[in-house]
Amino acid sequence: MKETNILILSAGRRVELVNCFKAARDRLNIKGKVIAVDISTTAPALYFADKYFIVPRISSNDYISSLISVCNDNDISLIVPTIDTELEKLAEYKSEIEKATKARVLVSNFEAVSVCCDKFKTAKFFEDNGFGYPKVVEKKDMETDNYNFPLFIKPLNGSSSINAFKVNNKKELDFFVDYISNPIVQECITGKEYTVDCFSDFNGDIITVVPRLRIATRSGEVLKGKIEKNVQIIADVKRLVEAFGFIGQITVQCFLCDDESIKYIEINPRFGGGAPMSIMAGADSCENLYRLLKGEKLEYNENYEDNLLISRFDNSIKVQQ
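If you count by our numbering, then the sequence shown holds residues 1278 to 1598, one letter each, in order.
The following block contains the structure:
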């Protein structure tokens, strides 16, 4: 019986995700391993995988060839990215990797990925396709004071809320524009903040859309959240995912504003750190991937728990003696 082996990239702290794949595999009685790679032996998720390997940095010229070697040596069926910085490179080399191995690369097309990795392009996509988003404050607006405080500033290609700040006055704006490399400045919006975990099959057909109210976060990653089957958000996010033509797991950040409008902040076309919360609720993307790899046809469903409050926590393991 052929094994179905999953390769999780940049494993880092993604212990939950590794365990979700292992649990789905065991529940479906599938033969195979969950294998993880990282650049450091101190990445905790490595020690929860069935096997692990150390690979070069994503910026290395040897990165792609190293992945291909790991895939061929371990008969990998699916490559799963977990961080933003690897998405464009994987999308660029997707065809080459898939031709050189037996593995599918769980990444959307390069055009969609490149839009998501550049927040100016993302905002332009929202505007061109009729989706709400925070107004971008451009340099010409700053020169003519054509904006109102508060504003929000962050790096154009940033993630994990690193160097993302609320700006309350001109003095702060002048400082942060100089402090942050290649920033984007937008209006600061208020309302209920949601992360929406979406999953589409390899043809781009949507299988699940799960809104999660963000109750508490740390460094951009959710600590406490509540699953909410908000029909307005589900319908609009489905329209957004279809407009991009995504495949696999997609993480959408948005606000449901006080006037009931939806404004999108960003899209990460990968497993987000809080994806295991939606998996716990019953929208099991890991199980869905195993089923797709077996050749099953999945249908859109909302067979997950509603109003489920979930709290996450840290744990420690010994990785060196």
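Every residue, glycine too, gets a C-beta built ideally from N, C-alpha and C.
Because the structure is a prediction, the values reported are computed rather than measured.
Inset, instruction - Report the partner residues of Tyr1329 according to the DSSP bridge assignment. - result: Ala1313
Legend entry - N-terminal and C-terminal residue of the beta strand (DSSP E) that Ile1544 is part of: Ile1539 to Asn1545
Inset, instruction - Below 8 Å CB to CB, which residues in the same chain sit around Gly1407 once its five sequence neighbours on both sides are set aside? - result: none
Legend entry - C-beta atoms of Pro1358 and Leu1344 nearer than 7 Å: no
Legend entry - Any alpha helix (DSSP H) of 4 or more consecutive residues that is wholly inside the segment 1492 to 1532: 1508 to 1521
Inset, instruction - Count the other C-beta atoms from every protein chain shown that fall within 10 angstroms of the C-beta of Gln1526, then say buried if there are 16 or more, exposed otherwise. - result: buried
Legend entry - Cβ pair Ala1322, Ala1313 closer than 7 Å: yes
Inset, instruction - Have a look at Glu1576, Met1557, Val1529 and Ile1594 and flag the residue whose alpha-carbon is nearest the alpha-carbon of Cys1394. - result: Val1529
Inset, instruction - Go through its chain and collect everything with a Cβ distance to Ile1483's Cβ below 8 Å, but skip five positions before and after it. - result: Cys1475, Phe1476, Ser1477, Lys1515, Val1518, Glu1519 and Tyr1577
Legend entry - DSSP-derived helix/strand/coil call for Asn1613: Within the shown structure, residues of the chain are numbered from 1278 to 1598, placing residue 1613 beyond reach of any answer.
Legend entry - Residues near Ile1316 by beta carbon distance below 6 Å, same chain, minus five either side: Arg1334
Legend entry - Nearest-angstrom Cα separation, counted from Glu1470 out to Asp1361: 21 Å
Inset, instruction - Answer yes if the segment 1544 to 1557 comes into contact with the segment 1425 to 1435, meaning at least three C-beta pairs across the two stretches below 8 Å, and no otherwise. - result: no
Legend entry - Residue interval of the beta strand (DSSP E) (run including Phe1476): Lys1469 to Ser1477
Inset, instruction - Provide the residue(s) that pair with Glu1464 in DSSP beta bridges, ordered along the chain. - result: Leu1428
Legend entry - Rounded separation between Thr1319 and Gly1289 - CA only: 8 Å
Inset, instruction - Below 8 Å on the Cβ atoms is my guess for Arg1489 versus Gly1497; work out the distance and round it to an integer in Å. - result: About 14 Å; that fails the 8 Å criterion.
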